[in-house]
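Student: Residue numbers (our numbering), protein chains in the order written: chain A, 1 to 297; chain B, 1001 to 1740. Quick reminder that beta carbons are idealized off the backbone N, C-alpha and C, glycines included. Please read all numbers here as calculations on a predicted model, not as lab measurements.
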Amino acid sequence: MTLQDLILKLSAFWASHGCLLQQPLDLEVGAGTSHPETLFRVLGPKPWSVGYVQPSRRPDDGRFGQNPNRLFKHHQYQVILKPSPDEVQQTYLESLEACGINPRQHDIRFEEDNWESPTLGAWGIGWQVMLDGLEITQFTYFQQVGGIDLAPISCEITYGLERIAMFLQRVDNVFDLEWGGGVKYAEVRLQEEIDQSKYAFGQVDMPADEFAALHRELFDRNYGFSERLLASGLIWPALEHCLKCSHLFNILDSSGSIGVTERTAYILRVRQLAVRIARAYVEASPGSDGQDAGPHA
Amino acid sequence: MDRELLIEIGCEEIPASWLPGLTTQVAQRLDARLADVRLTSESPAESYSTPRRLTARVAKLAERQTDLEDVVTGPPVLAAFTGSGEPTPAAVGFAKKYGVDVGALERHDTPKGTYLAYRVRQRGKATVDVLADVMGGLLRDLTFPKAMRWDAYLEDGRGDLLFARPIRWLVLMYGGRVVPFVIRRTELAQGPTVQDVRSGSNTYGHRFLTTSGRAGRAIKIKTFGDYQARLLENFVILDRSERESKIRRELETHARRLGGRVGSLAAVQSTLLQEVPDLVEYPSVVAGHFPVEFLQLPEEVLTTTMIHHQHNFPVVDDEGRLKSAFLAVINMEPERPEIIARNAERVLAARLRDARFFWDEDRKATLDSRIDRLSTIAFHKKLGSYREKADRVASLARWIAADACGRPEAAAHAERAGRLCKADLATDMVRELTELQGTMGGIYAREEGLPEEVWKAIYFHYLPIGVEADAPPSRAQLDAAAVTWAAVALADKLDSVVGMFSAGERPTGSRDPLGLRRQAQGVVKILADLPELTGLDLRLPIGLLLARAADPFSGYAEWSGPLLAFMRDRLTYLLEQRGYDVRSVRAVTHAGLERTSPLEARRKLEALEEMSAVGATYTSPLHGVATLLKRVKNITKGVEAEPHWAGLQARLTEPAERALWARIDERAQGIREAAARGDYRDAFTGIAALQPAVATFFDDVLVMAEDERLRRARLALVAALRDLILEIADISEIVAEGAP
Chain A
1 MTLQDLILKL SAFWASHGCL LQQPLDLEVG AGTSHPETLF RVLGPKPWSV
51 GYVQPSRRPD DGRFGQNPNR LFKHHQYQVI LKPSPDEVQQ TYLESLEACG
101 INPRQHDIRF EEDNWESPTL GAWGIGWQVM LDGLEITQFT YFQQVGGIDL
151 APISCEITYG LERIAMFLQR VDNVFDLEWG GGVKYAEVRL QEEIDQSKYA
201 FGQVDMPADE FAALHRELFD RNYGFSERLL ASGLIWPALE HCLKCSHLFN
251 ILDSSGSIGV TERTAYILRV RQLAVRIARA YVEASPGSDG QDAGPHA
Chain B
1001 MDRELLIEIG CEEIPASWLP GLTTQVAQRL DARLADVRLT SESPAESYST
1051 PRRLTARVAK LAERQTDLED VVTGPPVLAA FTGSGEPTPA AVGFAKKYGV
1101 DVGALERHDT PKGTYLAYRV RQRGKATVDV LADVMGGLLR DLTFPKAMRW
1151 DAYLEDGRGD LLFARPIRWL VLMYGGRVVP FVIRRTELAQ GPTVQDVRSG
1201 SNTYGHRFLT TSGRAGRAIK IKTFGDYQAR LLENFVILDR SERESKIRRE
1251 LETHARRLGG RVGSLAAVQS TLLQEVPDLV EYPSVVAGHF PVEFLQLPEE
1301 VLTTTMIHHQ HNFPVVDDEG RLKSAFLAVI NMEPERPEII ARNAERVLAA
1351 RLRDARFFWD EDRKATLDSR IDRLSTIAFH KKLGSYREKA DRVASLARWI
1401 AADACGRPEA AAHAERAGRL CKADLATDMV RELTELQGTM GGIYAREEGL
1451 PEEVWKAIYF HYLPIGVEAD APPSRAQLDA AAVTWAAVAL ADKLDSVVGM
1501 FSAGERPTGS RDPLGLRRQA QGVVKILADL PELTGLDLRL PIGLLLARAA
1551 DPFSGYAEWS GPLLAFMRDR LTYLLEQRGY DVRSVRAVTH AGLERTSPLE
1601 ARRKLEALEE MSAVGATYTS PLHGVATLLK RVKNITKGVE AEPHWAGLQA
1651 RLTEPAERAL WARIDERAQG IREAAARGDY RDAFTGIAAL QPAVATFFDD
1701 VLVMAEDERL RRARLALVAA LRDLILEIAD ISEIVAEGAP
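Right, dumping it as structure tokens:
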């Protein structure tokens, strides 16, 4: 099964289980959780089920395209089920079957692994799902997002698409994956991985202090603008600029541009902004009194 | 008639490390709840668990509550009747409340007088009518390291029901019949896909395996025996010990087939073996191989990757060398085990490829060159980065080697190892395999060609972890690095403990997120076993080391009290773990931690034990002195030692007191000298030899004499005796309460 077939299978499966199919957030983020389809939708009482692919950037994991398992950017298939159905584990296992994984021929286990995002003020309880010793999914019952206790509880299922595709195609190097129609992953993404890794580790034709100063400035400008947007009640764009800050912080971190005290301070600043945005979303949402949330909630 | 109670809480996968504790809790809490509602059983509750269920059974539980009998007191008799003997309104009211005549009330004598009383006899309710309360109480009573909300509540007015993981089914049966009970789901969540959990008689087997029908379907059960048998048919082994022995059996068989045995790293592996039975409902074992070329990696890297990251068991040959094979415990009875084995091999090989990449890359740079990177790794928000910690540890290690241990020739190596001991935090290998902190640094230092005194000090600096006298490392392992290791291991731990106390991070109750107790335990253990570990026969007082370690931090005086108390607890724990009586431990640590050396305390305990002063016989001379010391301490409370007590001897006239004076004068120096050279057996023997004189003194002489001058002289005499003994140990502690 090609990578794109896998995406099609998962999309078809979750659409048939009542999920809206959404599109990736068109911004640099580290995980599908940052997408407002997760970050906002799990807040408040309104039921919501959605599935989407999210390209996820982890500057620190960049390996210049030389590591067979590690990528600057990988792809997640993200599913949010709110409220979390009683049969959710069973349904998840059926989704694996739909992708061609027969649970009776493998060893599938749910092993404790709780999830936490310090920059989003979010945490949850759950497992990593292990398939013959390979971690293929993070399965989380969100407890808090933006520092707010959730009710009802949402379930987040995050599939690691490259991992599952490698398992299904029996390849040991991600760049050997077939993306689709005979085209290899390397052909689609290798050069991007090399360039992005060089950028993430500061291998730019530019003095290191200038590189750091520029990213600090970008961080500050986006931060300040996000606050202005928030003050104007424009919650969606405020979140987007907050997410830009989060990514810029990741670049500052991976390029070794910040020391330890500064690092903690950056994390705290992003969290404070994310928490304020989440609060504003809940307060502005007509769903917060139990009524239907409008499209612009 | 007594009937069987069966409870099964069906859950999504509960974390493996919680299960042993939870299993115990379920039985204890259930027994407590049953006792609360006066339900008696022949034997206590049995409990079982798998990742997906917590099960409890009471074989024979009474059909009814025990009847309640209680006496309710009413008004005093004096106020209950008028002068003519008619009941007062108070008495009539009380009787009416219980629906009886005043004549039917009893009289109840209390220290405060006689009262009217009504004897309540309440017939016990049927067990089925109280079990719902027991069930609710049990669910509320269970505690978890981390609980989650899952949109559930109980109708007991206490709101949300937090639990380990969502509960998906519930068996609650008494005498083969379902007792109704319901866990409600909140209004916000409830709907077609989110429903109340109602008690029933259905359990569920293995998710994927079954002998008949669809895997994971509901299975109707009646009794516990039936339950256990039906589960087994459906590939769930309820009893943990049966799962464990199946795992052991299959591990051995497969290892033999591979021409080896399961690795001899007993400690590490038994941890893994302790964990795997709680990860599976129906275990079996598959064997896999990895490419031979990975055997060139350090053994520590291979075993850590296998054990900690993949839960795989390494296989070794007869000489204990790793083979290129591993065993994996799975939760299946696969038709084609080779499919799972091949996949597990691919995962392990990918990890080992990563490890080899790190191994090759990391060795391109020296540890020295990594020290600057440590400034980007946080140690603690108030204590700065690991760079700063490394500087502190280096300076402290140097001081310990040169000054505390008097080994200036080891100082440079100790300082070097101290500065480098955290450098591996900046290597790719340790960022990936965090368990190898220290070990990896040691290996890289060895590869760089640093001297044994340095690389071994780094390699072992996290140890010791246990308090046992033979906890690693051993003298033989340390060899030439013994002193530098001790200096670095002590410096690292002291810096963490002292630093964290200065930052206000103190362990409280069960909370010790920074592992300070273990670190402090390591300090105490090294000091107590210093001669065996390093060949240095030094009685180093903890207070001295703490004060030096506190140099870089401010305000030692403000938090030294709690720190010393904390360290004292660790020392006490170590000594008690080694089997010494709690009273003897108190006796040898009475002087306060600033003046106590763990080695000294340990040697005193050994001497006391040799002399069988404790618990053996009340007639031993040392025990005699100990008993009298109690009296001495009482009468000399507040009496300061007389600096010139010898000068007071002229006032002593009684033969018994002159004899005691003479004995002390004659023995004191010998006792003090024996203690100074660490021969506590000799010191205690000297003290024991005072026994006849002390005994006669107390028989014949009245200390609290009328004459003030005489009294003062006698008090000075006994105070001198007291201080001579207390310099070594407060042996009055070893006298059992109520002993003669």
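Okay, do the stretch 1273 to 1287 of chain B and the stretch 1210 to 1223 of chain B touch, 3+ Cβ pairs below 8 Å being the bar?
Tutor: Contact between the stretch 1273 to 1287 of chain B and the stretch 1210 to 1223 of chain B is absent, because fewer than three Cβ pairs lie under 8 Å.
Student: Which runs of the alpha helix (DSSP H), 4 residues or longer, sit entirely within the stretch 1648 to 1703 of chain B?
Tutor: Taking only runs of at least 4 residues, the alpha helix (DSSP H) segments lying wholly in the stretch 1648 to 1703 of chain B are 1655 to 1676, 1680 to 1688 and 1691 to 1700.
Student: For the 8 Å Cβ check, are there 3 or more pairs between the stretch 1539 to 1559 of chain B and the stretch 1422 to 1435 of chain B?
Tutor: No, the stretch 1539 to 1559 of chain B does not touch the stretch 1422 to 1435 of chain B.
Student: Using a Cβ-Cβ cut-off of 9 Å, state whether A:TRP127 counts as contacting chain B.
Tutor: Chain B contact via Cβ: present.
Student: What in chain A is Cβ-close to B:TRP1150, meaning under 7 Å?
Tutor: Within chain A, the residues near B:TRP1150 are TYR141 and ILE153.
Student: For the candidate residues B:MET1001, B:ASP1070, B:GLY1522 and B:GLU1069, whose alpha-carbon lies nearest to that of B:SER1041?
Tutor: Minimum Cα distance to B:SER1041 is reached at B:MET1001.
Student: Report the rounded CA-to-CA distance for B:ILE1400 versus B:ALA1491, giving the unit in angstroms.
Tutor: Between B:ILE1400 and B:ALA1491, the C-alpha separation is close to 8 Å.
Student: Between B:GLY1509 and B:LYS1382, what straight-line distance do the alpha-carbon atoms span, to the nearest angstrom?
Tutor: If you take the alpha carbons of B:GLY1509 and B:LYS1382, they lie about 23 Å apart.
Student: List, in chain order, every chain A residue whose beta-carbon is nearer than 7 Å to that of B:ILE1340.
Tutor: Those within 7 Å of B:ILE1340 in chain A are HIS106, ASP107 and ASP132.
Student: Measuring CB to CB, does A:LEU150 end up less than 9 Å from A:PHE142?
Tutor: Cβ distance < 9 Å, so A:LEU150 and A:PHE142 count as in contact.
Student: With DSSP as the reference, please indicate the residues paired to A:GLN128 in a beta bridge.
Tutor: Beta-bridge pairing links A:GLN128 to A:GLU111 and A:GLN138.
Student: Using alpha carbons as the reference points, say which of B:ASP1679, B:LEU1628 and B:LYS1630 lies closest to B:LEU1599.
Tutor: Comparing Cα positions, the closest option is B:ASP1679.
Student: Hey, quick one: how far does the alpha helix (DSSP H) through B:MET1316 stretch, first residue to last?
Tutor: Met is not the amino acid found at residue 1316 of chain B; the sequence shown has Val there. Taken as a continuous stretch (DSSP letters only), B:VAL1316 belongs to no alpha helix (DSSP H), being part of the beta strand (DSSP E) at 1312 to 1316.
Student: Below 8 Å on the Cβ atoms is my guess for B:PRO1722 versus B:THR1589; work out the distance and round it to an integer in Å.
Tutor: For the record, residue 1722 of chain B in the displayed sequence is Arg; it is not Pro. Actually they do not touch by this definition, with Cβ atoms about 18 Å apart.
Student: At what residues does the alpha helix (DSSP H) containing B:HIS1108 begin and finish?
Tutor: That residue, B:HIS1108, is in no alpha helix (DSSP H); its beta strand (DSSP E) goes 1106 to 1110.
Student: From which residue to which residue does the beta strand (DSSP E) around B:GLU1338 run?
Tutor: Where B:GLU1338 is concerned, there is no enclosing beta strand (DSSP E), although the alpha helix (DSSP H) it sits in stretches over 1337 to 1362.
Student: Just how far apart, CA to CA, sit B:ALA1650 and B:ALA1659?
Tutor: If I take the Cα positions, the gap works out to 13 Å.
Student: Which of the residues in the stretch 1195 to 1226 of chain B, read from start to end, lie with their CB under 8 Å from any CB of chain A?
Tutor: From the stretch 1195 to 1226 of chain B, only GLN1195, ARG1207, PHE1208, LEU1209, ALA1215 and GLY1216 have a Cβ closer than 8 Å to chain A.
Student: As a quick exercise: from B:THR1143, B:ALA1344 and B:LEU1710, pick the residue whose alpha carbon is nearest that of B:GLY1647.
Tutor: The option with the nearest alpha carbon to B:GLY1647 is B:LEU1710.
Student: So, using beta-carbon positions, are A:PHE175 and A:PRO68 closer together than 9 Å?
Tutor: For A:PHE175 and A:PRO68, yes; Cβs fall inside 9 Å.
Student: Closer than 7 Å by beta-carbon distance: list the chain B residues that pair up with A:GLN89, in chain order.
Tutor: Those are GLU1012, listed as they occur along chain B.
Student: So, is the C-beta of B:VAL1430 closer than 9 Å to a C-beta in chain A?
Tutor: No, no contact with chain A.
Student: Report yes or no: is there a C-beta of chain A within less than 9 Å of the C-beta of B:GLU1335?
Tutor: By this cut-off, B:GLU1335 is an interface position.
Student: Return the residue from the list B:VAL1703, B:GLY1176, B:ALA1729 and B:HIS1644 that minimises the CA-CA distance to B:ILE1671.
Tutor: Comparing Cα positions, the closest option is B:ALA1729.
Student: Which chain B residues are close to A:GLY256, counting only those with a beta carbon under 9 Å from its beta carbon?
Tutor: In chain order: ARG1373 and THR1376.
Student: Answer yes or no: do B:LEU1231 and B:SER1199 have a C-beta to C-beta separation smaller than 9 Å?
Tutor: No, these two residues do not count as a Cβ contact at 9 Å.
Student: In terms of residue numbering, what span does the beta strand (DSSP E) encompassing B:ILE1009 cover?
Tutor: Here the beta strand (DSSP E) through B:ILE1009 covers 1003 to 1011.
Student: Just checking B:ALA1688 against the ligand MG - is the residue's beta carbon closer than 8 Å to any of the ligand's heavy atoms?
Tutor: Although the ligand MG was asked about, the structure shown includes no ligands whatsoever.
Student: For B:THR1434, collect the residues of the same chain with a Cβ closer than 8 Å to its Cβ; drop the 5 residues on either side in sequence, then sort them by chain order.
Tutor: Nothing meets the Cβ criterion.
Student: Given a limit of 7 Å on CB to CB distance, which residues of the stretch 1303 to 1333 of chain B reach chain A?
Tutor: Residues GLN1310, ALA1328, ILE1330, ASN1331 and MET1332.
Student: Mind checking which residues open and close the alpha helix (DSSP H) that includes B:MET1429?
Tutor: Its alpha helix (DSSP H) spans residues 1428 to 1432.
Student: Name, please, each residue of chain B whose Cβ falls closer than 7 Å to the Cβ of A:PRO45.
Tutor: LEU1188, listed in chain order.
Student: Which residues in the same chain have their Cβ closer than 6 Å to the Cβ of B:ARG1373, if we skip the five residues on either side of it in sequence?
Tutor: Within the same chain, B:ARG1373 has close Cβ partners ALA1426.
Student: Nearest chain B C-beta to A:ARG271 closer than 9 Å, yes or no?
Tutor: No, no contact with chain B.
Student: Buried or exposed: which applies to B:LYS964, given that a residue is buried once 16 or more other Cβ atoms fall within 10 Å of its Cβ?
Tutor: Residue coverage of chain B in this structure runs from 1001 to 1740, which leaves residue 964 of chain B outside it and unanswerable.
Student: May I ask which residues mark the beginning and end of the beta strand (DSSP E) holding B:ILE1167?
Tutor: It spans 1167 to 1174 - the beta strand (DSSP E) in which B:ILE1167 sits, taken as one unbroken run.
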